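*Asks:* Okay, handing you the structure first.
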Amino acid sequence: MALKVMVTGGSGQVGSELVTALLNVEGIDDVYAPSSEELDLSSRKSVLEAVNLMKPEWIFHAAAWTAVDACEDDPTRAFAVNGLGTRFVVQAAGMVGARVCYLSTDYVFDGSSVRPYREWDPVGPRTVYGASKLAGEMEVRPEDLIVRTSWVMGEFGQNMAKTLIRLARSGGVHRFVDDQIGTPTVVSDLVETLVELYLGGHSGVFHVSNSGQTSWYAIARHIFEELGEDPGRISPISTAELTGFKAPRPRFSVLDNFALRGSGLKELPSWQDSVSALVAKLEAG
Ligand SMILES: NC(=O)c1ccc[n+]([C@@H]2O[C@H](COP(=O)([O-])OP(=O)(O)OC[C@H]3O[C@@H](n4cnc5c(N)ncnc54)[C@H](OP(=O)(O)O)[C@@H]3O)[C@@H](O)[C@H]2O)c1
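Here is the structure:
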């Protein structure tokens with residue numbers, strides 16, 4: 000049977016690679032990725048119309064207002080897009096009989112844990128962005144999927160890998176925090192897992208990040224080394240010394256991919272291997 004799949008946020012970092020991956024899945028013959036004008040999450044009418052037009056079997060809901068610091072200044076918009084917008088997507092899905100895969104974030108946790116967060120650990124967002132994404136999680140039905148990921152970097156859009164390549168090539172010394180611990184997630188790995196979860200008909204909450212844990216300081220050094228640049232140009236700085244960020248960053252937001260492992264699904268490669276592969280791809284243009 001020919002399947003129809005919808006991707007919200009198709010112009011974003013995750014959405015753009017997800018659309019390509021889905022087009023290569025046998026059995027899917029139509030991938031519809033409406034723009035934010037065609038499907039505006041802040042308008043119930045717009046969401047219902049866009050979903051009803053295509054009547055997909057699955058909706059990968061990757062669209063969100065992801066500007067973490069800007070969300071602090073405009074909680075109304077953050078909750079309208081990330082919380083209520085997800086309610087509209089789930090309502091629309093119900094009307095056409097579609098299931099939803101909602102992309103969520105490590106920012107739903109408070110960052111005070113001393114061990115990687117499991118899917119069932121208590122949430123406690125400390126930012127407006129995190130709280131608004133958690134609001135979206137609360138709209139999702141038991142038959143849907145929630146995929147929480149962290150520190151995303153891919154080929155499209157803006158991300159830290161691209162920033163670090165630019166800094167490496169433009170000289171100078173740079174400081175990165177060494178007291179925020181988390182895990183990068185390279186989009187190609189994330190997308191592969193999203194497709195696996197979809198094909199396997201999974202539901203519930205899954206944590207999906209690359210393996211291992213690290214700091215931005217260590218990632219910066221790793222990328223400089225990969226590029227043959229001197230990692231000594233990177234020095235550590237503490238979060239307390241940093242200024243200019245409105246939203247507090249979690250001190251620790253490593254996601255234990257417990258549900259993935261326990262469901263017999265493939266875990267993602269080490270962050271070092273995947274970040275190196277991404278840097279090579281970005282360098283090759
Ligand atoms: N980036 C990360 O580090 C990270 C970490 C954890 C979880 N996540 C989650 O992963 C998902 C994908 O993130 P990403 O990095 O791909 O985000 P992104 O690059 O910022 O892309 C966001 C997408 O959402 C769309 N969008 C924004 N406002 C919208 C609205 N009102 N109506 C409809 N569409 C709207 C944007 O469309 P326009 O381009 O037209 O504005 C864009 O396609 C998000 O749910 C995010 O919360 C991201």
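0 is the number of the first residue of the sequence shown in numbering that gives the first Met the number 0; add one for each residue after it. For every residue, glycine included, the Cβ atom is placed at its ideal position computed from N, Cα and C. Quantities reported herein were computed from a predicted structural model and do not represent experimental measurements.
(1) Mind pulling the beta strand (DSSP E) runs of 3 or more residues that sit fully within the stretch 245-282?
(2) Is the stretch 228-242 close to the stretch 52-68, with three or more CB pairs under 8 Å?
(3) Can you have a look at Lys132 and say buried or exposed, based on whether 16 or more other CB atoms are within 10 angstroms of its CB?
(4) Under a three-way DSSP split, which group does Gly156 fall into?
(5) Return the CA-CA distance between Tyr216 and Glu224, expressed in angstroms with no decimal places.
(6) Whole angstroms are fine: how far does the CA of Leu83 sit from the CA of Val151?
(7) Taking 9 Å as the cut-off, decide whether the C-beta atoms of Glu118 and Val190 are in contact.
(8) Identify, in the order they occur along the chain, each residue of the same chain with its Cβ nearer than 7 Å to the Cβ of Leu166, setting aside the five sequence neighbours on each side.
(9) Can you tell me where the beta strand (DSSP E) with Trp57 in it begins and where it stops?
(10) Ignoring anything shorter than 4 residues or poking outside the stretch 57-101, list the alpha helix (DSSP H) runs there in chain order.
(11) Taking 8 Å as the line, does the beta carbon of Val194 fall inside it for any heavy atom of ligand 1?
(12) Thinking just about the alpha-carbon of each residue, which of Arg98, His206 and Glu48 is nearest to the one in Pro183?
(13) Using CA atoms only, rank isn't needed, just tell me which of Ile218, Val13, Arg114 and Gly261 is closest to Asp177.
(14) Could you tell me the boundaries of the beta strand (DSSP E) in which Thr182 lies?
(15) I believe Leu52 touches Cys100 by the beta-carbon criterion, under 8 Å. Please report the beta-carbon distance rounded to the nearest angstrom.
(16) Taking 8 Å as the threshold, find out whether the stretch 246-259 comes into contact with the stretch 107-117 through three or more Cβ pairs.
(17) Taking Tyr31 as part of the beta strand (DSSP E), name the residues at either end of that continuous run.
(18) Helix, strand or coil for Arg174 per DSSP?
(19) Can you tell which of Ser187, Glu16, Glu142 and Glu56 has its C-alpha closest to the C-alpha of Asp272?
(20) Drop a sphere of 10 angstroms on the beta-carbon of Arg98, count the other beta-carbons inside from all chains shown, and report buried for 16 or more, exposed for fewer.
(21) Please say whether Lys245 and Asp72 have beta carbons closer to each other than 9 Å?
(22) Alpha carbon to alpha carbon, what distance is there between Glu195 and Met94?
(23) Within the same chain, show all residues whose beta-carbon is closer than 7 Å to that of Arg86, passing over the 5 residues directly before and after it, in chain order.
(24) Hey, would you say the C-beta of Ser112 is under 8 Å away from at least one heavy atom of ligand 1?
(25) Beta-carbon within less than 7 Å of Ala77's beta-carbon, same chain only, minus the 5 sequence neighbours each way: which residues are those?
(26) Taking the beta carbon of Thr104 as the centre, do at least 16 other beta carbons fall within 10 Å, making it buried, or is it exposed?
(27) Can you give me the C-alpha to C-alpha distance between Glu142 and Ser202, rounded to a whole angstrom?
(28) With hydrogens ignored, establish whether the beta-carbon of Asn209 is closer than 8 Å to any heavy atom of ligand 1.
*Replies:* According to the data block:
(1) List check, beta strand (DSSP E) in window: nothing returned.
(2) Counting Cβ pairs under 8 Å, fewer than three are found: no touch.
(3) In the sequence shown, residue 132 corresponds to position 133, counting from 1. With 16 or more neighbouring CB atoms inside 10 Å of its own CB, Lys132 falls in the buried class.
(4) Position 157 of the sequence shown, counted from the first residue, corresponds to residue 156. DSSP places Gly156 in coil when its eight states are reduced to three.
(5) Translated into positions along the sequence shown, residue 216 becomes position 217. Translated into positions along the sequence shown, residue 224 becomes position 225. Rounded to whole angstroms, Tyr216 to Glu224 spans 12 Å at the Cα level.
(6) The residue you call residue 151 lines up with position 152 of the sequence shown. The residue you call residue 83 lines up with position 84 of the sequence shown. For Val151 and Leu83, the distance between alpha carbons rounds to 24 Å.
(7) For the purposes of this step, residue 118 is identified with residue 119 of the sequence shown, where counting begins at 1. For the purposes of this step, residue 190 is identified with residue 191 of the sequence shown, where counting begins at 1. Cβ atoms of Glu118 and Val190: not closer than 9 Å.
(8) Numbered from its first residue, the sequence shown carries residue 166 at position 167. The beta carbon of Leu166 lies closer than 7 Å to those of His173 in the same chain, with the five residues before and after it left out.
(9) Locating residue 57 in the sequence shown gives position 58, counting from the first residue. That run of the beta strand (DSSP E) goes Trp57 to His60.
(10) Segments of the alpha helix (DSSP H) lying fully in the stretch 57-101: 67-72, 74-77 and 84-95.
(11) Along the sequence shown, one-based indexing puts residue 194 at 195. The answer is no for Val194.
(12) Counting from one through the sequence shown, the residue named residue 183 turns up at place 184. Ranking Arg98, His206 and Glu48 by Cα distance to Pro183 puts His206 first.
(13) For the purposes of this step, residue 177 is taken as the residue at position 178 of the sequence shown. Cα-wise, what sits closest to Asp177 is Ile218.
(14) Taking the first residue of the sequence shown as position 1, residue 182 is located at position 183. Element bounds for Thr182: n/a, residue is neither H nor E.
(15) Along the sequence shown, one-based indexing puts residue 52 at 53. Along the sequence shown, one-based indexing puts residue 100 at 101. Going by Cβ atoms, the distance from Leu52 to Cys100 rounds to 20 Å, so no, they are not a contact pair.
(16) As far as the Cβ criterion goes, the stretch 246-259 touches the stretch 107-117, which means the pair count is three or higher.
(17) Taking the first residue of the sequence shown as position 1, residue 31 is located at position 32. Its beta strand (DSSP E) spans residues Ile27 to Tyr31.
(18) Position 175 of the sequence shown, counted from the first residue, corresponds to residue 174. Looking at Arg174 - three-state DSSP - the assignment turns out to be strand.
(19) Here residue 272 refers to the residue found at position 273 when the sequence shown is read from its first residue. Of Ser187, Glu16, Glu142 and Glu56, the residue nearest in Cα terms is Ser187.
(20) Here residue 98 refers to the residue found at position 99 when the sequence shown is read from its first residue. If you draw a 10 Å sphere on the C-beta of Arg98, you find 16 or more other C-beta atoms in it, and that means buried.
(21) Looking up residue 72 in the sequence shown gives position 73. Looking up residue 245 in the sequence shown gives position 246. In this structure, Asp72 places its C-beta atom within 9 Å of the C-beta atom of Lys245.
(22) Locating residue 94 in the sequence shown gives position 95, counting from the first residue. Locating residue 195 in the sequence shown gives position 196, counting from the first residue. A straight-line Cα-Cα distance of about 25 Å links Met94 and Glu195.
(23) For this step, residue 86 is matched to residue 87 along the sequence shown. The beta carbon of Arg86 sits closer than 7 Å to the beta carbons of Glu138 from its chain, once the five residues preceding and following it are set aside; these are given in chain order.
(24) Taking the sequence shown and counting its residues from 1, the one referred to as residue 112 is at position 113. Incorrect: Ser112 has no Cβ contact closer than 8 Å to ligand 1.
(25) Mapped onto the sequence shown, residue 77 falls at position 78. So the list reads Trp64, Cys70, Val127, Tyr128 and Ser131, once near-sequence residues are dropped.
(26) Against the sequence shown, residue 104 aligns to sequence position 105. Classification of Thr104: buried, given that the 10 Å Cβ count is 16 or more.
(27) Within the sequence shown, numbered from 1, the residue matching residue 142 stands at position 143. Within the sequence shown, numbered from 1, the residue matching residue 202 stands at position 203. Here the alpha carbons of Ser202 and Glu142 stand approximately 5 Å from one another.
(28) Within the sequence shown, residue 209 is the residue found at index 210, counting from 1. Taking 8 Å as the cut-off, the C-beta of Asn209 does not count as close to any heavy atom of ligand 1.
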